[in-house]
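**Student:** The structure under discussion is supplied below as structure tokens; questions concerning it will follow.
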């Protein structure tokens, strides 16, 4: 989804999914972990973040790690912080879902750049 806020700043919402580990409450109820990030299109700065974790504490903690960081530049930092500080059974799935978000955002940016480049060549 692409939208404009009151400042006409372009933002996108990008989601990523990964299979939750078997035996966890998340797997038993939802099967997948989903990460949704609101990202400033121009800067790549993450403006907001949500996950399908079962507890608000987990969501708040992850939000504090992710919001304010820049994609794709800070992806490794985000991943390292999660590996160091998030001790959950679904940590690998979380990193996978974030990796999907990061890849999708990069692909969107490349596709737009490619599209603009073609327009300039016309």
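Numbering (the numbering used here), first residue to last: -5 to 116. Cβ coordinates follow ideal geometry from the N, Cα and C atoms, glycine included.
#1: How long is the line joining the alpha carbons of residue 2 and residue 35, rounded to whole angstroms?
#2: Am I right that residue 64 and residue 39 are in contact with their C-beta atoms under 8 Å? What's the rounded C-beta distance?
#3: If we ignore side chains and look at the alpha-carbon of each, how far apart do residue 71 and residue 60 end up?
#4: Give me the residue from 8, 57, 25 with the minimum Cα distance to residue 84.
#5: Within the continuous beta strand (DSSP E) that includes residue 40, where are the two ends?
**Tutor:** Short version:
#1: Between residue 2 and residue 35, the C-alpha separation is close to 11 Å.
#2: Confirmed, about 5 Å.
#3: One Cα belongs to residue 71, the other to residue 60, and the distance between them is close to 9 Å.
#4: When only C-alpha atoms are compared, the closest one is 25.
#5: Segment 40 to 45, the beta strand (DSSP E) holding residue 40.
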